[in-house]
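Enquirer: To start, I am sharing the structure in question, which I have written as structure tokens.
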Amino acid sequence: MTHFTRILLSVLSLIAALAAQASGTGIFRTAIVLKNGTMEIFPDTLVNKFQYTQSLVQGKVTYSLDVIQDGKVAMSIPIDNIAEINYREMTPYEHFAGDWYFVASPNGEPQPGSSIMVSTVMSTPYHAVLAAPGTPGYGREIYCHIDSMPHRKGLKCDADFKLLYNYDESTGKGSISMVLDDQHPVSATQYTGDASTYAYWDATSTWYFGVSAQHEGGDTGGRHMYFVTHNIDTWELEGHELPCQWTLADLQDYDHEFSFPSIYEICWVVGLDIPFVYAEHDLIGYIDIFASTRLMRHPWTKPLTE
-1 MTHFTRILLS VLSLIAALAA QASGTGIFRT AIVLKNGTME IFPDTLVNKF QYTQSLVQGK
59 VTYSLDVIQD GKVAMSIPID NIAEINYREM TPYEHFAGDW YFVASPNGEP QPGSSIMVST
119 VMSTPYHAVL AAPGTPGYGR EIYCHIDSMP HRKGLKCDAD FKLLYNYDES TGKGSISMVL
179 DDQHPVSATQ YTGDASTYAY WDATSTWYFG VSAQHEGGDT GGRHMYFVTH NIDTWELEGH
239 ELPCQWTLAD LQDYDHEFSF PSIYEICWVV GLDIPFVYAE HDLIGYIDIF ASTRLMRHPW
299 TKPLTE
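Heads up, the sequence shown is in the numbering used here, so the first residue is -1 and it goes up one at a time.
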């Protein structure tokens, strides 16, 4: 047994011992701090156990820490990626880590045989990690990743967005703000859909505009995707921070909807340049437009009474 293995097993034994002592003291969690500057949070209420495994990959022995949830491996983290493991009572900041849903109503499509637009509520899973202790974003930023954004033509597009976190211990109230970033695309992958894959406009067209003749330099070849919104005074597309207020009671409510201001829609757009500047005629078109955006712990379901 290697020296590192002995240390790791000792840490895992300590976690198990602390878990036994923590009964009745609230929600406790295991934090796995990664060398990339982020931190995964695993509440005792969700995770059954952790197990240390080794495997042989192309003739090389590798080691990992498996997170067991509902009897299955929910996540496997290579040991070489781990900087620290610690265990304590969960903070309000840490409640926003883990698996969540981005819930919103997309642009919609016409009802067959009519001109009535129909839009259903979508619930898109995303995974959130925190800034690691000692980094500038610790206690302030939450990093969210969507594997596949819902798309009217079935295209697969990933997306990353950031939440800004704030909490006032004296009042027990806090806020999260979704950052709509016109400085950085939501994905390193560029959009590959044709004109028919943009948001529905009418019976003959979509929200695809093409390259503007007024764009300096013409078609740069860029097809960068952004989450932005309309400036309610100028109606130009730009970055913004959508705030949501919450309380400690909200964090304990599994069904709570962390809702952003309904006056703002999130516009998923394609631009020619980085950063995106609407006034410079960067806009290619709208992939989709999301209304009534909120974050939830589970998929949204229609209430029995409204």
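Note that beta-carbon positions come from the ideal geometry of N, C-alpha and C, so glycine has one too.
In chain order, which beta strand (DSSP E) runs of at least 3 residues are fully inside the region 122 to 207?
Expert: Listed in chain order, the complete beta strand (DSSP E) runs (minimum 3 residues) inside the region 122 to 207 are 139 to 144, 157 to 166, 171 to 178 and 198 to 200.
Enquirer: By the three-class DSSP mapping on this structure, what secondary structure does Asn79 have?
Expert: Along the sequence shown, one-based indexing puts residue 79 at 81. Three-state result, Asn79: helix.
Enquirer: Taking the straight line between their C-alpha atoms, what separation do you get for Cys265 and Gly283?
Expert: Against the sequence shown, residue 265 aligns to sequence position 267. Against the sequence shown, residue 283 aligns to sequence position 285. Taking the straight line joining both Cα atoms gives about 10 Å.
Enquirer: Count the other C-beta atoms from every protein chain shown that fall within 10 angstroms of the C-beta of Ala310, then say buried if there are 16 or more, exposed otherwise.
Expert: Nothing can be reported for residue 310, as the shown portion of the chain is limited to -1 through 304.
Enquirer: Let me check understanding here. Comparing Cα to Cα, which of Gln67, Thr133 and Tyr124 lies closest to Asp145?
Expert: Reading the sequence shown from its first residue, position 147 is the one you call residue 145. Checked all of Gln67, Thr133 and Tyr124; the closest Cα to Asp145 is Tyr124.
Enquirer: Does Gly237 come within less than 8 Å of chain B when only Cβ atoms are used?
Expert: Judged by its chain identifiers, the structure shown contains no chain B, having just a single protein chain.
Enquirer: I'd like the span of the beta strand (DSSP E) that includes Asp231, first residue to last.
Expert: Residue 231 sits at position 233 when you count from the first residue of the sequence shown. Premise fails: Asp231 is in no beta strand (DSSP E) and is neither H nor E.
Enquirer: Counting only the same chain and skipping the five closest in sequence on each side, list residues whose C-beta sits under 6 Å from that of Lys171.
Expert: In the sequence shown, counting from the first residue as 1, residue 171 sits at position 173. So the list reads Thr245, once near-sequence residues are dropped.
Enquirer: DSSP state of Leu249, grouped into three classes?
Expert: Here residue 249 refers to the residue found at position 251 of the sequence shown. Leu249 falls in the helix class under three-state DSSP.
Enquirer: Please list, in chain order, all residues of the same chain as Ala81 whose beta carbon is under 8 Å from its beta carbon, the five residues on each side excluded.
Expert: As a first step, residue 81 is located in the sequence shown; it is residue number 83 there, counting from the start. Excluding positions up to five away in sequence, the list reads Val31, Leu32, Lys33 and Ala130.
Enquirer: Taking the Cβ atom as the reference point for each residue, do Leu293 and Tyr262 lie within a distance shorter than 8 Å?
Expert: Position 295 of the sequence shown, counted from the start, is the residue given in the question as residue 293. Position 264 of the sequence shown, counted from the start, is the residue given in the question as residue 262. Cβ distance not < 8 Å, so Leu293 and Tyr262 don't count as in contact.
Enquirer: Got a sec? Which residues, its chain only, sit under 8 Å from Val45 by beta carbon, not counting five neighbours each side?
Expert: The count along the sequence shown starts at 1 and reaches residue 45 at position 47. Here the set comprises Thr28, Val65, Ile66, Gln67 and Ala72.
Enquirer: I need the DSSP call for Phe26, collapsed to helix, strand or coil.
Expert: As a working note, residue 26 is residue 28 in the sequence shown. The answer is strand: DSSP assigns Phe26 an E or B state.
Enquirer: Exposed or buried, what is Glu341 when buried is set at 16 or more other beta-carbons lying within 10 Å of its beta-carbon?
Expert: Given that the chain is displayed from residue -1 to residue 304, the structure contains no residue 341 and the question cannot be resolved.
Enquirer: Is it right to say Ile285 is buried, meaning 16 or more other beta carbons lie within 10 angstroms of its own, or is it exposed?
Expert: Taking the sequence shown and counting its residues from 1, one reaches residue 285 at position 287. Its Cβ being crowded by 16 or more others within 10 Å, Ile285 is buried.
Enquirer: Sort Leu161, Asp280, Glu167 and Leu235 by Cα distance to Gly219 and report the nearest one.
Expert: Within the sequence shown, residue 219 is the residue found at index 221, counting from 1. For Gly219, the nearest C-alpha among the options comes from Asp280.
Enquirer: Looking only at C-alpha atoms, which of Ser175, Ser53, Asn84 and Phe256 sits nearest to Pro76?
Expert: Here residue 76 is taken as the residue at index 78 of the sequence shown, counted from 1. Checking every option, the nearest Cα to that of Pro76 belongs to Ser53.
Enquirer: Give me the Cα-Cα distance between Thr374 and Thr51, rounded to the nearest whole angstrom.
Expert: Look at the range of the chain in this structure, -1 to 304, and you will see that residue 374 is not part of it.
Enquirer: So Ala106 packs on Val116, CB below 8 Å; how close in whole Å?
Expert: Walking along the sequence shown from the start, residue 106 turns up at place 108. Walking along the sequence shown from the start, residue 116 turns up at place 118. According to the sequence as given, residue 106 is Gly; it is not Ala. Yes, they are in contact, since the Cβ atoms of Gly106 and Val116 sit about 6 Å apart, within 8 Å.
Enquirer: From Ala247, Asp78 and Thr43, pick the residue whose C-alpha is nearest to that of Val59; which is it?
Expert: Within the sequence shown, residue 59 is the residue found at index 61, counting from 1. Closest option to Val59, Cα to Cα, is Asp78.
Enquirer: When you compare only the Cα positions, how much space is there between Thr23 and Pro297?
Expert: Along the sequence shown, one-based indexing puts residue 23 at 25. Along the sequence shown, one-based indexing puts residue 297 at 299. Residue placement at Thr23 cannot be trusted, given a pLDDT of 33 that sits under 50; the coordinates are not used to answer.
Enquirer: Quick one: Cα of Tyr198 to Cα of Ala289, how far?
Expert: Sequence index remark: in the sequence shown, residue 198 carries index 200 (1-based). Sequence index remark: in the sequence shown, residue 289 carries index 291 (1-based). Each residue's alpha carbon lies about 15 Å from the other.
Enquirer: Looking at C-alpha atoms only, which residue of Met37, Gly69 and Ala247 is the closest neighbour of Gln49?
Expert: Residue mapping note: residue 49 aligns to position 51 of the sequence shown, counting from 1. Nearest C-alpha to Gln49: Gly69.
Enquirer: Look at the Cβ atom of Gln188, then the Cβ atom of Arg221, and state whether they are nearer than 8 Å.
Expert: Start at 1 with the first residue of the sequence shown, and residue 188 comes out as number 190. Start at 1 with the first residue of the sequence shown, and residue 221 comes out as number 223. Cβ distance < 8 Å, so Gln188 and Arg221 count as in contact.
Enquirer: Starting from the Cα of Cys242, find the closest Cα among Glu234, Glu38, Ile230 and Ser260 and give me that residue.
Expert: The residue given as residue 242 occupies position 244 in the sequence shown. Here the closest residue by C-alpha is Ser260.
Enquirer: For Tyr206 versus Glu234, is the C-beta spacing smaller than 8 Å?
Expert: Taking the first residue of the sequence shown as 1, we reach residue 206 at position 208. Taking the first residue of the sequence shown as 1, we reach residue 234 at position 236. No, the Cβ-Cβ distance between Tyr206 and Glu234 is not below 8 Å.
Enquirer: For Ser74, count neighbouring Cβ atoms within 10 angstroms of its own Cβ and tell me buried if that reaches 16, exposed if not.
Expert: Locating residue 74 in the sequence shown gives position 76, counting from the first residue. Flag for Ser74 reads exposed.
Enquirer: Buried or exposed for Lys47, going by 16 or more other Cβ atoms inside 10 Å?
Expert: To locate residue 47, count along the sequence shown from 1; it is residue 49. Exposed, since its Cβ has fewer than 16 Cβ neighbours within 10 Å.
Enquirer: Can you give the Cα-Cα distance for Phe258 and Phe100, rounded to whole angstroms?
Expert: Here residue 258 refers to the residue found at position 260 when the sequence shown is read from its first residue. Here residue 100 refers to the residue found at position 102 when the sequence shown is read from its first residue. Each residue's alpha carbon lies about 11 Å from the other.
Enquirer: According to DSSP, His238 sits in a beta bridge with which residue or residues?
Expert: Counted from its first residue, the sequence shown places residue 238 at position 240. Partner(s): Leu178.
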